[in-house]
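Number of protein chains: 2
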Amino acid sequence: MNIGIIGLGLIGGSIGLGLRHSNFGDRFIGTDTNDHNANYALRLGIVDEIIPLNDLVMQSSIIILSIPVDGIEKILPNILNNIKEDAVIFDTGSTKYDICHKVSSHPKRSRFVATHPIAGVEDSGPISARHDLFYRKNCIICDSGLSDPEAMSVVMKIYSMMEMHLIYITSKEHDFYISYISHLPHVISFSLSNTILKIFHNQKDVIHHIMGSGFKSTTRLSKSNPETWLPIFLSNKKNLIHAIDTNIYYLELFRNYLLNNQFHKIHQYLKKGNDIKNVYN
Amino acid sequence: MNIGIIGLGLIGGSIGLGLRHSNFGDRFIGTDTNDHNANYALRLGIVDEIIPLNDLVMQSSIIILSIPVDGIEKILPNILNNIKEDAVIFDTGSTKYDICHKVSSHPKRSRFVATHPIAGVEDSGPISARHDLFYRKNCIICDSGLSDPEAMSVVMKIYSMMEMHLIYITSKEHDFYISYISHLPHVISFSLSNTILKIFHNQKDVIHHIMGSGFKSTTRLSKSNPETWLPIFLSNKKNLIHAIDTNIYYLELFRNYLLNNQFHKIHQYLKKGNDIKNVYN
């Protein structure tokens, strides 16, 4: 059985390594518009062969589409046109509504499963891929009722082999939830780094000498790949603007409490933030 | 030689354990307004005895003042009045200007060294104290010219034993730098948690099922102790408001680029954020 991976970056590469680690599939074929990534993936043993996209689509029983979300939206309809009769295709994009909407009336829609394994790190490229990247992480599967039960079972088996926790919601719910829980933290981290780098533009060594672990954990996400994240932000624009506005509201609230010496209000605000301990340890 | 620790929380406790680990000092005496913390510190072997503040001050050769910054500012002048002739006292507060200003004309000012070991974690209390908390972390020493060289050498020896990197700046520089590099990240983390907890107030399980490592790293600081952080924010109010305003400016900039589909501007913004890689790996 041929497994085709379109996009041999961190996510596609890690799925490839994860499947090989579980002895799933016979032959791994891959494609990437970035030759450097493609060659690396070959050398790292993620795939056995690099072949053109059209050939990959026609030869694969399972296709993993792990490229930026604007690319997924663009090529998914044409891939569905050309897949084998019984092939299954799933994507790994960080937004889901636009992608699902694009193929909603495609005759082969049911062979597609929309997924979002939540396991990115700030590093990118096949060089960062790991077979255990997904171990015990969350994976969201969207609009599952629109996929064939048999196609669903293939994808569920793949993610279960990697021990992911599977969550089933609609693509609309996904994009709303994820705008706050993932996209907003990324925007906040990029904005913090922009702020700090502007203030210390001639004194980067000062940052280095003064920073502690808190600085690192809040700016870590700003190391993420712009080629991945620009399309994500655009695809979730409406939700994300709402999330940013809500966050600015809370920042201004804190700022004004501080300006007006409203000690009790600030204390309540900080105690409320502490409630995040009820979400995770 | 008696070492006195005023405030037996995470920082005071970790300095006590660090000094014991290096076999520095003979007898460790401590005090804490929180009986629970005091008893814990005794049981954990951080100190040999809990004694009243006044007795501790009169009996100690080295005094570590590791309580919230408003407390330091309040009791430091009186402690200086009562220390032994050759005693050295240093504080560990996260703001420095108000504290230094408060004792600037005190006749025993030179026995005081103003320090800020940057090694906090979101956990607090003596239960979280570790002898290696400070290992290879940054430590800022402020207005060092106002301290006796001999008092300075004692404090430098203590932090060097714990392998901290020592930085020397003025208390005014400290508070400005730290407002951006530490206090702003804390405010951002608290505001992110306030935002998310408001949106998902009836659906905390949704956060848990969807979050990834990026969510955790950006919200981690919002677990910090309000009793520690409220006085820090108040003491650095002017700088911090400026830092928050600068950050809101950058958040709004991103928001407006997104609203107006300014793809190239967003890309530049994300690339600029990536420059944080030049500060740390």
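Protein chains in written order, with our numbering: chain A, 4 to 284; chain B, 4 to 284. Glycine residues also receive a C-beta, built at the ideal position from the N, C-alpha and C atoms.
Contact annotation, Asn141 of chain A with Ile213 of chain B: C-beta distance approximately 6 Å; criterion of less than 8 Å satisfied. Among the bridge pairs identified by DSSP, Thr36 of chain B is matched with none. Annotated three-state conformation of His168 of chain B is strand, per DSSP.
The beta carbon of Gly7 of chain B sits closer than 6 Å to those of Ile32, Leu59, Ser63 and Ile66, all from its chain and outside the five residues before and after it, given in chain order.
Beta-bridge annotation (DSSP): Thr118 of chain A is paired with A:Ile144. By the CB criterion at 8 Å, Arg139 of chain A and Ser220 of chain B fall outside the cutoff.
Cα atoms of Phe93 of chain A and Asn26 of chain A: separation of roughly 19 Å, rounded to the nearest angstrom. If you draw a straight line from the Cα of Thr95 of chain B to the Cα of Val190 of chain A, it comes to about 33 Å.
Using beta-carbon distances, Leu13 of chain B does not count as an interface residue toward chain A, since no partner is under 8 Å. Bridge partners of Gly123 of chain B according to DSSP: none are assigned.
Neighbourhood of Tyr171 of chain A in chain B, by CB distance below 8 Å: empty, with the nearest CB roughly 10 Å away.
Distances from the CA of Ser174 of chain B to each of B:Asp146, B:Ile181 and B:Ala122 were compared; the closest alpha carbon is that of B:Asp146. Scanning the region 168-243 of chain B from its first residue to its last, the whole beta strand (DSSP E) runs of 3-plus residues come out as 168-172. Exclusion of the five residues before and after Ser238 of chain B leaves Val72, Thr98 and Asp101 as the residues of its chain whose Cβ lies within less than 6 Å of its Cβ. Annotation: Val50 of chain A has no Cβ neighbours in chain B at a cutoff of 9 Å; minimum Cβ distance is about 26 Å. Using a C-beta cut-off of 8 Å, the region 270-283 of chain B makes contact with the region 190-206 of chain A, since at least three inter-stretch Cβ pairs fall below that distance. Inter-segment contact for the region 32-45 of chain A and the region 119-133 of chain A is present: three or more beta-carbon pairs are separated by less than 8 Å.
Residue pairing from DSSP leaves Ile54 of chain B without any beta-bridge partner. Residue state for Asn284 of chain A is assigned as coil, using DSSP reduced to three classes. Closer than 8 Å to the CB of Ile161 of chain B there is not a single CB belonging to chain A.
By the neighbour-count criterion, in which a residue is buried when 16 or more other Cβ atoms sit within 10 angstroms of its Cβ, Met4 of chain A is exposed. Around the Cβ of Pro120 of chain B, a 10 Å sphere holds 16 or more other Cβ atoms; the residue is buried. Annotated three-state conformation of Val106 of chain B is coil, per DSSP. The closest CA to that of Phe179 of chain A, considering only A:Met164, A:Asn242 and A:Ser163, is found on A:Asn242.
Taking a Cβ-Cβ threshold of 9 Å, the residues of chain A close to Tyr272 of chain B are Phe193, Ser194, Asn197 and Pro229, in chain order. Residues of chain A whose Cβ lies closer than 8 Å to the Cβ of Asp73 of chain B do not exist; the shortest such Cβ separation is about 10 Å.
At least one CB of chain B lies nearer than 8 Å to the CB of His189 of chain A. Neighbours of Gly217 of chain B in chain A, taken as residues whose beta carbon is under 7 Å from its own, are Ser185, Pro188, His189 and Leu224 in chain order. For the region 139-154 of chain B, the beta-carbon criterion of a distance under 8 Å to any beta-carbon of chain A is satisfied by Lys140, Asn141 and Ile143. According to the DSSP assignment, Gly7 of chain B belongs to the beta strand (DSSP E) that extends over Asn5 to Ile9.
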